[in-house]
Structure formats: C-alpha cells, structure tokens
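In my numbering, the protein residues as written are 344 to 681.
Just so it is clear, CB atoms sit at the ideal spot from N, CA and C, and this is done for glycine as well.
So this is what it looks like as structure tokens:
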C-alpha cells in the first residue's frame, strides 16, 4: 500500500544496491543515505517497507522537535497551552508542518523526513553559531537528497548575515562546509568508480525522469501544455489536476521566497530561492508540491502570521488538513500524488 512511486526505487536500492539488475537502471538519481539507513534497520528483521516507515516517522519527530525550538526562539514563547489563541509559535509551526498538504511524505518511505531532520537542525545550530554541528546536520540532508546543495547556499548566507568573520569563526565555518559536503563527495567517488562520471546522478535524472536544464518560460509552457494534452484525452483526470497544481505550487513557492526577502531572512530566502529556481528551470514542473514540504521556512512564516489570531490559525488548518487527508488516500490507492 505504501510502496508507491519513488518509494519503490528507494526500497530496491536498499535491498539490491545501485548496480543490480533488479534495481531501476537510473537508480543513481536517488542519493544513498536513505536507502543505506533502510538497509541497516532491515538487518534487524524488519521488512524494508516497514523499516522505511519507522525511519520516516522517527526522522519526522526529530524535524518537528527542532522546528518547534527554532520557531519558539524566532517568534517568542506563547503563554500557556489552553487553546490556539495561546499557542506559541513552535506549536503552530509544528501543526502546520504535520498538516501540510503534502505531509503524507513525512511517513511514507520517502527521503523528505530525513532531509528535514537534517535541514532544520542545521539552521537551528547555525543561528547559535555552532557551525560544526550545523555542518554535520547539513551532511544528513546532503546525503538524503541533492537538494542538500541548496541548503548549503542558505547556510552560507546565514553565516554572512551574522557578520562574525573572526579567524576562529571562519575556520569553524570552513570545516562545517567540508563536513556538509562529505556525503556528496563520497557519492561522487562511488559514481566515478562504477559509472566513470562523478556527477552521473544528473544523467540518470535526465534519462529516467526527463529532468534537464530548461529556460523558465519553456518549463512553464511545457507544464501548461501537459495540462492541455491530458485534458484533451477526455475527463479531468488526476494527472490534469496534478499538472495544474504544479503551477500553483510554483506560484506559492515564489510568494514564500518574496516573503523571506521582505523579512530580510537571507538564509531562508537563499535556500528556498535556489531550490525553487532548480524546479522552475527543469524541463517540466515535477513534484513541486512535495518539494514545498522541504521548504520548512514556509510554516515558520505562517506561524508568525497567524500569531494569536484564532481565525487565521483555524483557516490555515482548515485549508491544509483536507488536502493532507486527500494526499494519504491518493497515495495509498496508487493515484499520483507528487
């Protein structure tokens, strides 16, 4: 029921590795840390799918715990816990992440939860100038997904924003960057050995999923054209709706980046901006609603916006919860859900 779409690829890599013929021929499009963790937990006797879901849940707990701490420090602790109007920013941000429209991927056998379990603590420790710990957390995100490279852009801007360029801080920052890059360097070395190309994951993303560099207008036209082609086949299918939601998700992502810029949150803006730019310059918009889940500053901004306003808080939850529920139903019934 839960081994759908990319989950199947992760489980195949965990069980057979990248080069076995039983794995997808373009499996290196997926980074290795998540399958390695699934394999390690499966060694205890759990089935791969169950092991992946246990790991997803555990990683989500870590992500939410650090999101709570980050939001509380950024927005101030709320008074009491009697009701929504008295909830602090941490509680609201946590709720918005757990009920995010694509929150199904926090428990599905996908790498989103592991990425967030690295990315959110990386920013948390960066805000505390604990750069080596931040770098180690960023390494987790880097090992989980290629989007870890975009996280490093945000962390670099956060480093610059703090304006502490003493020799000791610069050395710690440089060391943190090296630590964060280690998973990418290790994967590149492996690909060089087995494929002869250290960046072969780009090739597999192109061959397996049609992802290649394109102009933003061409990508938009291709996505809009896909909605017209699929709609021309008859009914308003799941894929027609899906392509249209991809466009809406890009618009919401752009709004979030602008929001970060207005707030002068340069680190968040850099992270989300380059991540969104990569999605907007792919040959076609693909899985953007799922990628918005990785853009965790969105829920931080929403938590600040709702404040202690009960109506705003309830409006966000009423907007999110039905879509999140639909996502669980669609995913478990083999329908496409990003």
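{"Asked": "Residue 426 burial status per 10 Å Cβ neighbour count (16 or more: buried)", "Found": "Unreliable placement is indicated for residue 426, whose pLDDT of 46 sits below 50; no coordinate value is reported for it."}
{"Asked": "Terminal residues of the alpha helix (DSSP H) in which residue 377 lies", "Found": "376 to 385"}
{"Asked": "Buried versus exposed, by CB contacts within 10 Å (16 or more), residue 509", "Found": "exposed"}
{"Asked": "Proximity to residue 398 [Cα-Cα], best of 439, 344 and 458", "Found": "458"}
{"Asked": "Rounded straight-line distance, which links the Cα of residue 441 to that of residue 431", "Found": "16 Å"}
{"Asked": "Three-way DSSP call (helix, strand, coil) for residue 389 in this model", "Found": "coil"}
{"Asked": "7 Å CB neighbourhood of residue 559 in its chain, flanking five on each side removed", "Found": "623 and 624"}
{"Asked": "Ordered list of alpha helix (DSSP H) runs contained in the region 502 to 551, each at least 4 residues", "Found": "510 to 538"}
{"Asked": "Under the three-state DSSP convention, the category residue 494 falls into", "Found": "helix"}
{"Asked": "Cβ separation of residue 290 and residue 392, assumed to be a contact under 8 Å, to the nearest whole Å", "Found": "Outside the displayed range of the chain (344 to 681) lies residue 290, so it cannot be described from this structure."}
{"Asked": "Start and end residues, alpha helix (DSSP H) containing residue 352", "Found": "349 to 359"}
{"Asked": "Proximal residues to residue 439 (C-beta, below 7 Å), its chain only, five neighbours per side dropped", "Found": "642, 645, 646, 659 and 663"}
{"Asked": "Proximity of residue 469 and residue 477 at Cβ, strictly below 7 Å", "Found": "yes"}
{"Asked": "C-alpha distance - residue 627 paired with residue 378, whole-angstrom precision", "Found": "27 Å"}
{"Asked": "Selected residue, minimal CA-CA separation from residue 462, among 512, 515, 446 and 406", "Found": "406"}
{"Asked": "Sufficient close CB pairs (3 or more, under 8 Å) joining the region 595 to 612 to the region 529 to 538", "Found": "no"}
{"Asked": "The alpha helix (DSSP H) enclosing residue 447, as first and last residue numbers", "Found": "Here residue 447 belongs to no alpha helix (DSSP H), and DSSP marks it neither H nor E."}
{"Asked": "Burial state of residue 652, where buried means 16 or more other Cβ atoms lie within 10 Å", "Found": "exposed"}
{"Asked": "Contact check, residue 603 vs residue 611, beta carbons under 7 Å", "Found": "yes"}
{"Asked": "Three-state secondary structure assigned by DSSP to residue 645", "Found": "helix"}
{"Asked": "Option nearest residue 366 by Cα separation, candidates 669, 551 and 557", "Found": "551"}
{"Asked": "Three-state class that DSSP yields for residue 625 in the structure shown", "Found": "strand"}
{"Asked": "Chain-order list of residues whose beta-carbon lies under 7 Å from that of residue 557 (same chain, five-residue window excluded)", "Found": "624, 625 and 626"}
{"Asked": "Residue 583, buried or exposed, once every other Cβ within 10 Å from all chains shown has been counted against 16", "Found": "buried"}
{"Asked": "Minimum C-alpha distance to residue 480 - residue among 402, 570 and 434", "Found": "402"}
{"Asked": "Residue of 380, 513, 490 and 678 minimising C-alpha distance to residue 616", "Found": "490"}
{"Asked": "Separation of residue 345 from residue 677, as counted between CA atoms", "Found": "9 Å"}
{"Asked": "Among 524, 369, 471 and 671, nearest to residue 507 - alpha-carbon criterion", "Found": "471"}
{"Asked": "Residue nearest to residue 464 in terms of C-alpha spacing, selected from 445, 453 and 495", "Found": "495"}
{"Asked": "Element boundaries [alpha helix (DSSP H), containing residue 346]", "Found": "Element bounds for residue 346: n/a, residue is neither H nor E."}
{"Asked": "Beta-carbon contacts of residue 467 that lie in its chain and below 7 Å, excluding the five residues immediately before and after", "Found": "409, 412 and 413"}
{"Asked": "Run of the alpha helix (DSSP H) containing residue 474, from where it starts to where it stops", "Found": "474 to 487"}
{"Asked": "Rounded C-alpha distance that separates residue 515 from residue 544", "Found": "30 Å"}
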